[in-house]
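In terms of the numbering used here, the sequence shown opens at residue -7 and continues consecutively.
We put the beta carbon where it would ideally sit given N, CA and C, even for glycine.
For reference, the structure is listed below as structure tokens.
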Amino acid sequence: QDSCSLLPPSQDGKGHITAAILQKVLDVQSKQLLSPFQTSVSELMQEMRDIGDRTAHLETKMDQQATIHNSLIAKVQELETHLSSHDTKLADLKDWSRQNNIRIRGILESVV
-7 QDSCSLLPPS
3 QDGKGHITAA
13 ILQKVLDVQS
23 KQLLSPFQTS
33 VSELMQEMRD
43 IGDRTAHLET
53 KMDQQATIHN
63 SLIAKVQELE
73 THLSSHDTKL
83 ADLKDWSRQN
93 NIRIRGILES
103 VV
């Protein structure tokens, strides 16, 4: 566009461009140029807030999962301890049950 066509008619009646007119033109052009940038910045700020909210939600979920994971590890260790104890008891019981199955030749069963 021609810069002269953007200027309003002069107010002094002589065709002169006054400082007030130039200031108005400058204000209008500044607003026109800044408006898209302000919109873009506002949209980016909203997206950043959304990402921050999602990140906070994911961090909370991650903390919850870590707590659950740690409790499961403790439970597995407890169960492994119980299993080991039961394995030892089972082996002992098997040994005692085999004791009655042993026959030694030459010795009467009533002696054993």
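Item	Value
Own chain, CB closer than 6 Å to Gln38, minus 5 neighbours either side, in chain order	none
Pairwise C-alpha distance: Glu70 and Leu64	10 Å
Ala66 to Thr47 span [Cα, whole Å]	29 Å
Reduced DSSP secondary structure (H/G/I, E/B, other) of Ile13	helix
Reduced DSSP secondary structure (H/G/I, E/B, other) of Gly44	helix
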